[in-house]
Amino acid sequence: MGGAWQIGALAAVADALDWDPRTAEVIVGTSSGASTAALLGSGVGVEELVAAQRGADGARASVRRFFTSPPAGRPRVPVPLPISLRLAAAGIRSRSRLLALSGLAPRGRSETAFLADIPEQATHPATWIVTVDADTGARVAFGAPGAPPASLRAAVRASWAVPGWFPAVRIGGRRYLDGGAYSPTSADLLADLGLDEVVVIAPMASANDESVPGVAGRAERLLRAPMSRIVTAETAALRAAGTRVLLVHPAAELADLGPNFMDPRRRLAALASALRHVPVRLATQGIPS
Numbered sequence: 006m007g008g009a010w011q012i013g014a015l016a017a018v019a020d021a022l023d024w025d026p027r028t029a030e031v032i033v034g035t036s037s038g039a040s041t042a043a044l045l046g047s048g049v050g051v052e053e054l055v056a057a058q059r060g061a062d063g064a065r066a067s068v069r070r071f072f073t074s075p076p077a078g079r080p081r082v083p084v085p086l087p088i089s090l091r092l093a094a095a096g097i098r099s100r101s102r103l104l105a106l107s108g109l110a111p112r113g114r115s116e117t118a119f120l121a122d123i124p125e126q127a128t129h130p131a132t133w134i135v136t137v138d139a140d141t142g143a144r145v146a147f148g149a150p151g152a153p154p155a156s157l158r159a160a161v162r163a164s165w166a167v168p169g170w171f172p173a174v175r176i177g178g179r180r181y182l183d184g185g186a187y188s189p190t191s192a193d194l195l196a197d198l199g200l201d202e203v204v205v206i207a208p209m210a211s212a213n214d215e216s217v218p219g220v221a222g223r224a225e226r227l228l229r230a231p232m233s234r235i236v237t238a239e240t241a242a243l244r245a246a247g248t249r250v251l252l253v254h255p256a257a258e259l260a261d262l263g264p265n266f267m268d269p270r271r272r273l274a275a276l277a278s279a280l281r282h283v284p285v286r287l288a289t290q291g292i293p294s
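Heads up, the sequence shown is in my numbering, so the first residue is 6 and it goes up one at a time.
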């Protein structure tokens, strides 16, 4: 569902800027954003992404199938063993709540067959898929200079490996997890590249005390709050480096999203909500629709 909101937001930004995201110098994706980045990096445009979310004929069958056959909204019962005590210890040392909780989470057992339609390789030369080493807590952006070799599909499977939900993915003899355990966006990876502008689309960030309403929303806020702080710090690092930043995250539409970002029943509502709300916020920033 978070990915559906992200695609709606991306479509709104692309329309407002009269810009094709496939022309970005670097495309970075994490978790559900990893599959979005992989598809953009494989030549799939924004209009096709929106059509595929809707199951419309404007998208090729493989892309349409990927979005209209999402994983279940609840995980299979995980293996009652922690993913990695070393990762938990690394999180405690670095004062990262996300890494510590990820290490202590049980080992996921849900299937990732839905990712079979992700291409094996990207055509864009700088498609970076962010993951976390399950034992050291180190952030690894597959596709970036110096990263270990991996197919695009394997990297996306690793970035989708939500702790407690999907199993860690072995690449080159090491285990990797969802890059969101380190950062929801990893925008700071771009700070030293001298880019003119970076567009950051962050479904798991919000401003101030904005959160999903209700009791379940309070639990969701335990993840959203630290993720929001991370995104704020990363965008500040980009601006300090002289890079313009356009940050887009949910606000009023949090009420439409709900507390479970894996809920497939809210997918189309999330897409529609982003297409409705994001252009309004862009306009208040002086960006025309």
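Backbone N, C-alpha and C define an ideal beta-carbon position, used for all residues, glycine too.
Identify which residue in 52, 71 and 70 has its Cα closest to the Cα of residue 63. Numbered from 1 along the sequence shown, position 58 holds the residue referred to as residue 63. Taking only the C-alpha atoms, the option nearest residue 63 is 52.
C-beta contact flag for residue 250 and residue 187 at 8 Å: On the sequence shown, residue 250 is found 245 positions in, with the first residue counted as 1. On the sequence shown, residue 187 is found 182 positions in, with the first residue counted as 1. No; because the gap between Cβ atoms is not below 8 Å, this pair is not in contact.
With DSSP collapsed to three states, give me the class of residue 179. Residue mapping note: residue 179 aligns to position 174 of the sequence shown, counting from 1. Strand.
For residue 123 and residue 161, which I take to be in contact (beta-carbon distance under 8 Å), what is that distance rounded to the nearest angstrom? Numbered from 1 along the sequence shown, position 118 holds the residue referred to as residue 123. Numbered from 1 along the sequence shown, position 156 holds the residue referred to as residue 161. Yes, they are in contact, since the Cβ atoms of residue 123 and residue 161 sit about 5 Å apart, within 8 Å.
According to DSSP, is residue 116 helix, strand or coil? Reading the sequence shown from its first residue, position 111 is the one you call residue 116. In this structure, residue 116 counts as coil in the three-state DSSP scheme.
So who's on the other strand from residue 202, going by DSSP bridges? Taking the first residue of the sequence shown as 1, we reach residue 202 at position 197. According to DSSP, residue 202 bridges with 249.
Collapsed DSSP secondary structure at residue 32 in the structure displayed: Along the sequence shown, one-based indexing puts residue 32 at 27. DSSP places residue 32 in strand when its eight states are reduced to three.
Looking at the unbroken alpha helix (DSSP H) that takes in residue 73, where does it start and where does it end? Here residue 73 corresponds to residue number 68 of the sequence shown, with the count starting at 1. Unbroken alpha helix (DSSP H) run through residue 73: 66-73.
I want to know whether the region 236-249 touches the region 187-204 - three or more CB-CB distances under 8 Å. yes
Inter-residue Cα distance where the pair is residue 4 and residue 154: Nothing can be reported for residue 4: it is not among the residues displayed for the chain, which extend from 6 to 294.
List the DSSP bridge partners of residue 146. Mapped onto the sequence shown, residue 146 falls at position 141. Bridge partners of residue 146: 135.
Would you tell me roughly how many angstroms separate the C-alpha atoms of residue 115 and residue 275, rounded to the nearest one? Within the sequence shown, residue 115 is the residue found at index 110, counting from 1. Within the sequence shown, residue 275 is the residue found at index 270, counting from 1. Cα to Cα, residue 115 sits roughly 23 Å from residue 275.
For residue 270, which option in 72, 97 and 147 has the closest C-alpha, if you only look at C-alpha atoms? Residue 270 sits at position 265 when you count from the first residue of the sequence shown. It is 72 whose Cα lies nearest to the Cα of residue 270.
Measuring CA to CA, which of 6, 14 and 8 is closest to residue 281? Here residue 281 is taken as the residue at index 276 of the sequence shown, counted from 1. Answer by Cα proximity: 14.
Do the region 35-51 and the region 75-91 touch if we need at least three Cβ pairs shorter than 8 Å? no
For residue 87, name the three-state secondary structure that DSSP assigns. Translated into positions along the sequence shown, residue 87 becomes position 82. Strand.
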